[in-house]
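These notes concern the structure reproduced below.
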Amino acid sequence: PPPINGDQKLRVNLSIAIFNIVEINELKDSIQIKMKITRSWFDSQLTYQNLLKQRTNSLSPKDIDRVWIPSNPFENIVHMDKMIKTDQRDLLLIVPSADFAHSLADNTYIHNTQLFQGDQNHLHYERQFTVEWLCEYHMAWFPFDTQSCTMQFRNDQDSVDLLPAEVSYSGPMELPQHIVREIKICSAVIQGDQGVIVEIILTRPLFSSFITTTLPTGILIIISQMAATFSKEYLDMVIQVNLTVLLVLAT
Numbered sequence: 160p161p162p163i164n165g166d167q168k169l170r171v172n173l174s175i176a177i178f179n180i181v182e183i184n185e186l187k188d189s190i191q192i193k194m195k196i197t198r199s200w201f202d203s204q205l206t207y208q209n210l211l212k213q214r215t216n217s218l219s220p221k222d223i224d225r226v227w228i229p230s231n232p233f234e235n236i237v238h239m240d241k242m243i244k245t246d247q248r249d250l251l252l253i254v255p256s257a258d259f260a261h262s263l264a265d266n267t268y269i270h271n272t273q274l275f276q277g278d279q280n281h282l283h284y285e286r287q288f289t290v291e292w293l294c295e296y297h298m299a300w301f302p303f304d305t306q307s308c309t310m311q312f313r314n315d316q317d318s319v320d321l322l323p324a325e326v327s328y329s330g331p332m333e334l335p336q337h338i339v340r341e342i343k344i345c346s347a348v349i350q351g352d353q354g355v356i357v358e359i360i361l362t363r364p365l366f367s368s369f370i371t372t373t374l375p376t377g378i379l380i381i382i383s384q385m386a387a388t389f390s391k392e393y394l395d396m397v398i399q400v401n402l403t404v405l406l407v408l409a410t
């Protein structure tokens, strides 16, 4: 579709709704996310008939195949099989303008028909996926580390201006081993092309790390040091205690 309102490119707004962070795998350098991708744009080549003001105006699967839909490849995934479509069907909606501007069709139409121009009523396309994204984890400051994982959407169409609209997260903020600190969306250059990046900032619950790691380790070290005071009288016992402590710390 051609651009509108004097723009040089067709504006496509990209919104991301993250439902849940399914898995964080630091060994595989990946993060699995269930999400909904929404694209919104105007198509001045289309004219719609008899839209409803207070109800959903959805297109049938047959009509969806006839409408141009922007494509935005997922950049930081290993393979397409890491992008799994959910059971939720795709939705292509026509959202009427706020003033519900329309015109009446002429006598060539059999029935009374309201016509809505495509450059005034935008298209709204929704798809849901579960995607395994690549994420490089830096563990040098564990358990005080802060991790940044991204979802990268590249614009591969020169006639399109891909713009970040909004990002939302409806899952739990406290995960088993991480805390979702912040999620933001912004424009970026990806492999030389324009694109949009969603960044997820993760930290760790320090109290949980203290209870499960620091405190048990400290107790074992204290036990080892206390056993050393009996080394002259009970050397065999001291050796067994120290070996047990080493095995526990190693595992």
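Numbers given in the numbering used here equal positions in the sequence shown, counted from 1, plus 159. All C-beta atoms, glycine included, are put in the ideal place defined by N, C-alpha and C.
For residue i, which residues from the same chain have a beta carbon less than 6 Å from its beta carbon, with the 5 sequence-adjacent residues on both sides left out?
i      : result
Phe312 : Asn231, Gly354 and Val355
Glu185 : Tyr296
Ser256 : Gln279 and Asn280
Asn401 : Ser383
Pro302 : Arg363 and Ser368
Met332 : Val339
Ser174 : Thr197, Ala324 and Glu325
With residue i and residue j assumed to form a contact (beta carbons below 8 Å), what rounded beta-carbon distance in angstroms separates them?
i      : j      : result
Tyr203 : Ile163 : Here the sequence assigns Ser to residue 203, which means Tyr is not the residue at that position. The pair is a contact, with the Cβ atoms about 5 Å apart (cut-off 8 Å).
Cys294 : Ser189 : 6 Å
Asp315 : Asp352 : 6 Å
His261 : Leu282 : Contact flag wrong, Cβ pair sits at about 16 Å.
Arg340 : Asp304 : Not really, about 12 Å apart at Cβ, beyond 8 Å.
Lys195 : Asn179 : No, Lys195 and Asn179 are not in contact; Cβ-Cβ is about 11 Å, not under 8 Å.
Ile236 : Trp292 : 6 Å
Glu358 : Ser307 : 6 Å
Gln191 : Val181 : 4 Å
Pro334 : Glu285 : The sequence shown places Leu at residue 334, not Pro. No, Leu334 and Glu285 are not in contact; Cβ-Cβ is about 26 Å, not under 8 Å.
Val171 : Met242 : So it is not a contact: roughly 19 Å between Cβ atoms.
Thr215 : Gln276 : About 20 Å; that fails the 8 Å criterion.
His337 : Ile183 : 6 Å
Hey, could you find the ends of the beta strand (DSSP E) residue i is sitting in?
i      : result
Asn172 : Leu169 to Asn184
Lys244 : Met242 to Lys244
Phe275 : Gln273 to Gln276
Thr215 : Looking at the DSSP string, Thr215 is not in any beta strand (DSSP E), and its letter there is neither H nor E.
Thr362 : Asp352 to Thr362
Tyr207 : Thr206 to Gln208
What are the partner residues of residue i, as DSSP defines its beta bridges?
i      : result
Trp200 : Leu282
Leu405 : Bridge partners of Leu405: none, in fact.
Ile342 : Ile359
Gln191 : Glu182 and Glu291
Phe233 : Phe312
Val348 : Gln353
Which residues in the same chain have their Cβ closer than 7 Å to the Cβ of residue i, if we skip the five residues on either side of it in sequence?
i      : result
Pro160 : Leu169, Asp202, Ser203, Gln204 and Trp227
Leu379 : Val404, Val407 and Leu408
Lys244 : Phe288
Cys345 : Pro323 and Ile356
Tyr328 : Ile177, Val339 and Ile342
Lys187 : none
Gln247 : Gln287
Phe259 : Lys212
The alpha helix (DSSP H) with residue i in it runs from where to where?
i      : result
Ile253 : That residue, Ile253, is in no alpha helix (DSSP H); its beta strand (DSSP E) goes Leu250 to Val254.
Ser368 : Leu365 to Ser368
In chain order, what residues of the same chain have a beta carbon less than 8 Å from the beta carbon of residue i, not counting five sequence neighbours either side?
i      : result
Leu263 : Asn271, Thr272, Gln273 and Leu274
Asn209 : Thr272 and Gln273
Phe492 : What the structure shows of the chain is the stretch from 160 to 410, and residue 492 is not part of that stretch, so it cannot be assessed.
Glu234 : Gln311, Phe312, Arg313, Ile349, Gln350 and Gly354
Met298 : Glu185 and Asp304
What ranges does the alpha helix (DSSP H) occupy inside the region 288-338, keeping only unbroken runs of at least 4 residues that lie completely in it? Runs of the alpha helix (DSSP H) inside the region 288-338: none found.
Every unbroken beta strand (DSSP E) inside the region 374-403 [3 residues or more]: Runs of the beta strand (DSSP E) lying entirely within the region 374-403 and spanning at least 3 residues: none are present.
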